[in-house]
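Numbering (our numbering), first residue to last: 2 to 84.
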């Protein structure tokens, strides 16, 4: 058997295997006749908006600093600070 024929057979096997896996995933994604996307959409429509989320305002800033110190004959120090 030539190398080219062996590569073709391997490629066909991978293609068939992938098609089988994708078909099984699609069948598993349906529950009670609904896909996962349909179920998520139904949950989002039924979700209530909380009042406390309208009252909260987030403001401020984020700061980050990296410091590296080198000393001859001593241990180097590196640190990251955030606030």
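No residue lacks a Cβ here, since even glycine has one placed at the ideal position from N, Cα and C.
Owing to the predicted nature of the structure, the values given are computational and were not obtained by experimental measurement.
The beta-carbon distance between residue 70 and residue 82, rounded to whole angstroms, is 13 Å. This is too long to meet the 8 Å contact definition.
The continuous beta strand (DSSP E) containing residue 68 extends over residues 65 to 70. Taking C-alpha positions only, residue 77 is separated from residue 68 by approximately 11 Å. Assigned with DSSP and collapsed to three states, residue 40 falls in helix. Note that the C-beta distance between residue 40 and residue 64 is not below 8 Å. In the structure shown, residue 79 falls within a strand segment according to DSSP collapsed to helix, strand and coil.
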